[in-house]
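J.:
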């Protein structure tokens, strides 16, 4: 089964890129509030992607990320000025990869490697370049071309189209369980990177494999 | 403007029906955990409606409500047996209305009054009957006929179709801000019942009116 995988498609935020530096910056700007703010920010950012998709009122990920930040600051009584908003949005362009990412990707060489992300091209291109991944990846695919967010099946179909690899030969990797399950429902072979040790979401499908970090991925697909 | 409203369409859970009794039962079964459990349960219940809608894998609200409960118990380390699950789901069929609901609806008589809810008919019919609202309402409309959840615009269009009243003559009332804004984006005149005093969601539209309870509604539409 492992030899069938001709391409690996990765989610970006939380899967390859560690958003912890954004959390740290939240705490630097509003001491003691960083965790509460970043959790609510992330929750609203995602809610808005789902709600706007269903409302047929797409705005790009940069827009919904700022909207989530404004809501979260309002709800927590934190004053968000232009300067703070600019610093936090800028931090999204300079995220580090998780420590195991570079080596794991190197061991997967020979397959097509790509990102499939909610992020807009204007957010993804700098973060990929700043992390030194531009040469490693065959494609950086954004939902922005479709104006719809994950887990709509058209998003996963975009990876099939852009990579020219059949659905059944694509392995999909995400730390977001609902994203992993959206990809599974679509037909990919799915590796859920369960960094937080969370329960699996109850959406009627299960990932093919579960791992705690991407260091386990090469062995799981027989590339060790 | 107020004379234009020929029908009022209400969200059910949290707007007409007080879900507090479910929270209390959570706390009775798992003392000290009721608030955390019911918050996570509600969050997952909603997430699953959005995610399943986008995944094109609709299951009815009873199904996603049970799924959310299972996830929340798993995440909090609470043992959910058949008996507990049955008691909690049964509680959804016996919710009380908020204290001001009966009088507010009585003062709105003369207009068409309806519910438009994510709830399945098998959940809505008993709760409406048990609360004594069956004679007050002209229609109890469920998304189930469409197999898609709020805030998809087809859901709001269903109320127009079922009531035979033009979009612009329908007032929509919800305590869920994202639902209110979905209805506003569709074209209804929208009254957000902000029971919790929350910030407005950042979805690019605003409700026409905001109130803290339905007691304010008759005056807002000129029926006082």
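Protein chains in written order, with my numbering: chain F, 566 to 789; chain D, 566 to 789.
Don't be surprised by glycine CBs; every beta carbon is placed ideally from N, CA and C.
Values in this document were obtained by computation on a predicted structure and should not be read as measured data.
Start and end of the alpha helix (DSSP H) containing residue 603 of chain F?
T.: Here the question's residue 603 of chain F lines up with position 38 in the first chain. That run of the alpha helix (DSSP H) goes 599 to 620.
J.: Which same chain residues end up closer than 7 Å to residue 677 of chain D when comparing Cβ atoms and leaving out the 5 residues on each side of it in sequence?
T.: On the second chain, residue 677 of chain D is found 112 positions in, with the first residue counted as 1. Same-chain partners within the cutoff: 571, 572, 703, 728 and 730.
J.: Going by C-alpha to C-alpha distance, which of F:717, F:601, F:655 and F:665 sits closest to residue 681 of chain F?
T.: Against the first chain, residue 681 of chain F aligns to sequence position 116. Among F:717, F:601, F:655 and F:665, the Cα nearest to that of residue 681 of chain F is on F:717.
J.: When you compare only the Cα positions, how much space is there between residue 691 of chain D and residue 655 of chain D?
T.: Translated into the one-based positions of the second chain, residue 691 of chain D becomes position 126. Translated into the one-based positions of the second chain, residue 655 of chain D becomes position 90. The straight-line gap separating the alpha-carbon atoms of residue 691 of chain D and residue 655 of chain D is approximately 10 Å.
J.: Count the other C-beta atoms from every protein chain shown that fall within 10 angstroms of the C-beta of residue 647 of chain D, then say buried if there are 16 or more, exposed otherwise.
T.: Here residue 647 of chain D refers to the residue found at position 82 when the second chain is read from its first residue. Counting Cβ neighbours within 10 Å, residue 647 of chain D comes out exposed, since fewer than 16 surround it.
J.: Give me the Cβ distance between residue 688 of chain F and residue 747 of chain D, rounded to the nearest whole Å; I'm assuming they're in contact under 8 Å.
T.: Start at 1 with the first residue of the first chain, and residue 688 of chain F comes out as number 123. Start at 1 with the first residue of the second chain, and residue 747 of chain D comes out as number 182. Contact doesn't hold; Cβ gap of about 26 Å is too wide.
J.: Thinking residue 742 of chain D and residue 766 of chain D are a contact (beta carbons under 8 Å), I'd like their distance in whole angstroms, please.
T.: The count along the second chain starts at 1 and reaches residue 742 of chain D at position 177. The count along the second chain starts at 1 and reaches residue 766 of chain D at position 201. Sure, about 4 Å apart at Cβ, within 8 Å.
J.: If you draw a straight line from the alpha carbon of residue 636 of chain D to that of residue 653 of chain F, how long is it in whole angstroms?
T.: Numbered from its first residue, the second chain carries residue 636 of chain D at position 71. Numbered from its first residue, the first chain carries residue 653 of chain F at position 88. Cα-Cα distance, rounded: 32 Å.
J.: Buried or exposed: residue 580 of chain D, going by 16 or more other Cβ atoms within 10 Å of its Cβ?
T.: As a working mapping, residue 580 of chain D is identified with position 15 in the second chain. Buried, by the Cβ-count rule.
J.: Verify whether the separation of the beta carbon atoms of residue 755 of chain D and residue 679 of chain D is less than 8 Å.
T.: By 1-based counting over the second chain, the position of residue 755 of chain D is 190. By 1-based counting over the second chain, the position of residue 679 of chain D is 114. No, the Cβ-Cβ distance between residue 755 of chain D and residue 679 of chain D is not below 8 Å.
J.: Measuring only the C-alpha atoms, how far is residue 708 of chain F from residue 670 of chain D?
T.: Here residue 708 of chain F refers to the residue found at position 143 when the first chain is read from its first residue. Here residue 670 of chain D refers to the residue found at position 105 when the second chain is read from its first residue. Taking C-alpha positions only, residue 708 of chain F is separated from residue 670 of chain D by approximately 44 Å.
J.: In whole angstroms, what is the alpha-carbon distance linking residue 736 of chain D and residue 786 of chain D?
T.: As a working mapping, residue 736 of chain D is identified with position 171 in the second chain. As a working mapping, residue 786 of chain D is identified with position 221 in the second chain. If I take the Cα positions, the gap works out to 9 Å.
J.: Run down chain D in chain order and give the residues with a C-beta less than 7 Å from the C-beta of residue 717 of chain F.
T.: As a working note, residue 717 of chain F is residue 152 in the first chain. Close partners of residue 717 of chain F in chain D (Cβ separation under 7 Å): 619.
J.: Is any beta-carbon of chain F found at less than 8 Å from that of residue 616 of chain D?
T.: Along the second chain, read from residue 1 onward, the residue named residue 616 of chain D stands at position 51. Answer yes: the Cβ-Cβ gap between residue 616 of chain D and chain F drops below 8 Å somewhere.
J.: What's the gap between the Cα of residue 642 of chain F and the Cα of residue 634 of chain F?
T.: Reading the first chain from its first residue, position 77 is the one you call residue 642 of chain F. Reading the first chain from its first residue, position 69 is the one you call residue 634 of chain F. Approximately 12 Å between the Cα atoms of the pair.
J.: Nearest CA to the CA of residue 530 of chain D: which residue from D:706, D:750 and D:738?
T.: Given a span of 566 to 789 for chain D in the structure shown, any question on residue 530 of chain D remains unanswerable.
J.: Which first and last residues belong to the beta strand (DSSP E) in which residue 754 of chain F is found?
T.: Stepping through the first chain from its first residue, residue 754 of chain F is reached at position 189. 754 to 758 is the extent of the beta strand (DSSP E) around residue 754 of chain F.
J.: May I have the straight-line CA-CA distance separating residue 625 of chain F from residue 685 of chain F, to the nearest angstrom?
T.: Taking the first residue of the first chain as 1, we reach residue 625 of chain F at position 60. Taking the first residue of the first chain as 1, we reach residue 685 of chain F at position 120. Residue 625 of chain F and residue 685 of chain F: Cα-Cα distance of roughly 6 Å.
J.: Anything in chain D within Cβ reach of residue 764 of chain F, meaning under 8 Å, just list it in chain order.
T.: Mapped onto the first chain, residue 764 of chain F falls at position 199. Per Cβ cutoff of 8 Å: 636, 639 and 640.
J.: Run through the region 657 to 729 of chain F for me and flag every whole beta strand (DSSP E) of 3 or more residues, listed as ranges in chain order.
T.: 677 to 682 and 704 to 707
J.: Report the residue from D:662, D:738 and D:638 whose alpha carbon sits nearest the alpha carbon of residue 699 of chain D.
T.: As a first step, residue 699 of chain D must be located in the second chain, where it is residue number 134. If we check each option's Cα against that of residue 699 of chain D, D:662 comes out closest.
J.: Mapping the DSSP letters down to three states, classify residue 778 of chain D as helix, strand or coil.
T.: The residue you call residue 778 of chain D lines up with position 213 of the second chain. Coil at residue 778 of chain D, not helix or strand.
J.: Would you list the one or two residues that DSSP bridges to residue 765 of chain F?
T.: One-based indexing of the first chain puts residue 765 of chain F at position 200. Paired residues: none, contrary to the question.
J.: So which of D:578, D:644, D:672 and D:631 has the shortest CA-CA distance to residue 780 of chain D?
T.: For the purposes of this step, residue 780 of chain D is taken as the residue at position 215 of the second chain. Checked all of D:578, D:644, D:672 and D:631; the closest Cα to residue 780 of chain D is D:672.
J.: Taking only beta-carbon positions, decide if residue 724 of chain D is within less than 8 Å of chain F.
T.: The sequence position of residue 724 of chain D within the second chain is 159, counting from 1. By this cut-off, residue 724 of chain D is not an interface position.
J.: Is there a C-beta anywhere in chain F that falls below 8 Å from the one on residue 623 of chain D?
T.: As a working mapping, residue 623 of chain D is identified with position 58 in the second chain. Not closer than 8 Å to any Cβ of chain F, the Cβ of residue 623 of chain D fails to qualify, so no.
J.: Give me the DSSP bridge partner(s) of residue 740 of chain F.
T.: As a position in the first chain, residue 740 of chain F is number 175, starting the count at 1. Under DSSP, residue 740 of chain F shares a beta bridge with no residue.
J.: According to a CB-to-CB cut-off of less than 9 Å, which residues of the region 732 to 759 of chain D neighbour chain F?
T.: 743, 746, 747, 750 and 751
J.: Alpha carbon to alpha carbon, what distance is there between residue 597 of chain D and residue 590 of chain D?
T.: Mapped onto the second chain, residue 590 of chain D falls at position 25. Mapped onto the second chain, residue 597 of chain D falls at position 32. Across the structure, residue 590 of chain D and residue 597 of chain D are spaced so that their CA atoms are roughly 11 Å apart.
J.: If you measure from the beta carbon of residue 613 of chain D to each beta carbon in chain F, is any gap under 8 Å?
T.: As a first step, residue 613 of chain D is located in the second chain; it is residue number 48 there, counting from the start. Answer yes: the Cβ-Cβ gap between residue 613 of chain D and chain F drops below 8 Å somewhere.
J.: When we look at the beta-carbon of residue 668 of chain F and count the other beta-carbons within 10 Å, is it buried (16 or more) or exposed?
T.: In the first chain, counting from the first residue as 1, residue 668 of chain F sits at position 103. With fewer than 16 other Cβ atoms within 10 Å, it is exposed.
J.: From residue 760 of chain F to residue 693 of chain F, what does the alpha carbon distance come to, in whole angstroms?
T.: As a first step, residue 760 of chain F is located in the first chain; it is residue number 195 there, counting from the start. As a first step, residue 693 of chain F is located in the first chain; it is residue number 128 there, counting from the start. Taking the straight line from one Cα to the other gives about 21 Å.
J.: Against residue 767 of chain D, what residues of chain F qualify as contacts under a CB-to-CB distance less than 8 Å, listed in chain order?
T.: Counting from 1 along the second chain, the entry for residue 767 of chain D is found at position 202. Residues of chain F passing the Cβ test: 609, 613, 632, 633, 635 and 636.
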